[in-house]
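Residue numbers (full-length UniProt numbering): 1 to 408.
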């Protein structure tokens, strides 16, 4: 069998006279060698043993799909989005306050309910099947997800809770939490990040009540799927839902980033919405994608028990917004325990204007590594997980420089 040889370059930063857990140019670092201290979760999470994984008070039997590492287990339960004055908490609270203030029900109470303590352990059915993601879809691969076993995993998106929350009778909610995806190593990617999911459902009366002569308009028809609508939706309903969605999100981003914000919408594809869009904002002269959204697939809505309603959904990354708003250069900084980082975000109110101030500046250390691969089942994410397990957040970036397959 031909043997594949890999040559990787690993970049790390020295700490030189800095205390443990200090961040260097946005990169967490411990020391110039490979030793480090890990921050343990307040919740019970055991290292994977031969038979089971103990997590959040439950035991999960391992099988051939189990691939969660100790490093990832140590992040479960940290809940940075619920840690007061943390930059991710600030973003969550800003979004929550905006929705509470601007969208009220008939009794004057907030229309949207917020769920920010849902367990990150979900079933494969919740994470994929309930969202109509095909069995052979690339997003299901072991190489891209953290599986506890074939039936349970760490959620890859907060969308995993859509079906359950709709099924419980909710028609307007925000779900916030940590999500887990195996990914590359650099300053904008991390295997654990935080998302916010928003869903709004409309009855026929709610959608058309403000439309002149809207009594005869309907949500549904037996038609054909096009680039602009699903086969079961009327064009009038889709246009109003899409207009409401874009209006809500434009107001939200303007509220966060300020008046005069330029916004554009890019058509895209998601298995659980159609039509689907990505929202981009022009911030400091650069167009940046900040969220994905769309009209919910009616099959999903129907299966959750809301057959008489139509709706929209969006998902945004808290880290993405915080990095833009506070000028934070590295996603790993959000996991810092350094008071010099955390104190920068303590202010009299959640809308306090803050610009991150770098802590230290030291040159990088570069290591080149080459190795033989013994199996064809290798994935680059396997190596990234190994690097994170050994080097932790000390490692800034890993780059593949060359590869060679021996002909014999």
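We put the beta carbon where it would ideally sit given N, CA and C, even for glycine.
{"query": "Do you know how far the Cα of residue 53 is from the Cα of residue 368?", "result": "34 Å"}
{"query": "Find the nearest neighbour of residue 370 within the set 67, 383, 311 and 377, judged by alpha-carbon distance.", "result": "383"}
{"query": "Please go through the same chain and pick out, in chain order, the residues whose beta-carbon is closer than 7 Å to the beta-carbon of residue 142, but skip the five residues on each side of it.", "result": "65 and 67"}
{"query": "Since residue 250 is in the alpha helix (DSSP H), which residue starts that stretch and which ends it?", "result": "235-257"}
{"query": "Answer yes if the region 303-311 comes into contact with the region 328-345, meaning at least three C-beta pairs across the two stretches below 8 Å, and no otherwise.", "result": "no"}
{"query": "Name the one or two DSSP bridge partners that residue 387 has.", "result": "Bridge partners of residue 387: none, in fact."}
{"query": "Report yes if the C-beta of residue 167 is less than 7 Å from at least one heavy atom of the ligand NAD; otherwise report no.", "result": "Although the ligand NAD was asked about, the structure shown includes no ligands whatsoever."}
{"query": "Of all the options 269, 372 and 323, which has the alpha carbon lying nearest to the alpha carbon of residue 414?", "result": "The chain is shown from 1 up to 408; residue 414 falls before or after that span and cannot be answered."}
{"query": "If we ignore side chains and look at the alpha-carbon of each, how far apart do residue 36 and residue 386 end up?", "result": "Bear in mind that a pLDDT of 29 at residue 36, under 50, signals an unreliable position, so the model cannot answer this."}
{"query": "From residue 293 to residue 279, what distance separates their C-alpha atoms?", "result": "8 Å"}
{"query": "Can you check whether the CB of residue 194 is closer than 8 Å to the CB of residue 319?", "result": "yes"}
{"query": "With DSSP as the reference, identify every bridge partner of residue 192, one or two as the case may be.", "result": "180"}
{"query": "State buried or exposed for residue 285, treating a residue as buried only when at least 16 other CB atoms are found within 10 Å of its CB.", "result": "exposed"}
{"query": "With H, G and I counted as helix, E and B as strand and the rest as coil, what does DSSP make of residue 274?", "result": "strand"}
{"query": "For residue 272 versus residue 154, is the C-beta distance shorter than 8 Å?", "result": "no"}
{"query": "How many Å lie between residue 314 and residue 241 at the Cα?", "result": "12 Å"}
{"query": "Is the region 112-121 touching the region 84-102, taking contact as three or more C-beta pairs under 8 Å?", "result": "yes"}
{"query": "Does the structure place the region 131-140 close enough to the region 72-87 that three or more beta carbon pairs sit under 8 Å?", "result": "no"}
{"query": "Please report the distance separating the alpha-carbon of residue 171 from that of residue 55.", "result": "31 Å"}
{"query": "For the region 288-318, list the alpha helix (DSSP H) runs that are entirely contained and at least 4 residues long, ordered along the chain.", "result": "298-303"}
{"query": "What are the boundary residues of the alpha helix (DSSP H) that includes residue 99?", "result": "87-102"}
{"query": "Specify, as a first and last residue, the run of the alpha helix (DSSP H) that residue 339 falls within.", "result": "339-342"}
{"query": "Measure the C-alpha to C-alpha separation of residue 164 and residue 303 and round it to an integer number of angstroms.", "result": "10 Å"}
{"query": "Go through its chain and collect everything with a Cβ distance to residue 152's Cβ below 8 Å, but skip five positions before and after it.", "result": "60, 121, 122, 123 and 124"}
{"query": "Beta-carbon within less than 6 Å of residue 204's beta-carbon, same chain only, minus the 5 sequence neighbours each way: which residues are those?", "result": "219"}
{"query": "When we look at the beta-carbon of residue 327 and count the other beta-carbons within 10 Å, is it buried (16 or more) or exposed?", "result": "exposed"}
{"query": "Under the DSSP definition of a beta bridge, which residues are partnered with residue 59?", "result": "54"}
{"query": "Take residue 169 as the anchor and find which of 128, 199, 225 and 58 has the nearest alpha-carbon.", "result": "199"}
{"query": "Look at residue 215 and residue 234 and say whether their C-beta atoms are less than 8 Å apart.", "result": "no"}
{"query": "So residue 354 packs on residue 192, CB below 8 Å; how close in whole Å?", "result": "So it is not a contact: roughly 23 Å between Cβ atoms."}
{"query": "How long is the line joining the alpha carbons of residue 183 and residue 392, rounded to whole angstroms?", "result": "14 Å"}
{"query": "Kindly give me the distance between the Cβ atoms of residue 126 and residue 160, rounded to whole angstroms, as I take these residues to be in contact under 8 Å.", "result": "5 Å"}
{"query": "Identify, in the order they occur along the chain, each residue of the same chain with its Cβ nearer than 6 Å to the Cβ of residue 254, setting aside the five sequence neighbours on each side.", "result": "261"}
{"query": "Starting from residue 262, follow its DSSP beta bridges and name the residues at the other end.", "result": "282"}
{"query": "For residue 283, which residues of its own chain have a beta-carbon under 7 Å away from its beta-carbon, when the five flanking residues on both sides are left out?", "result": "257 and 324"}
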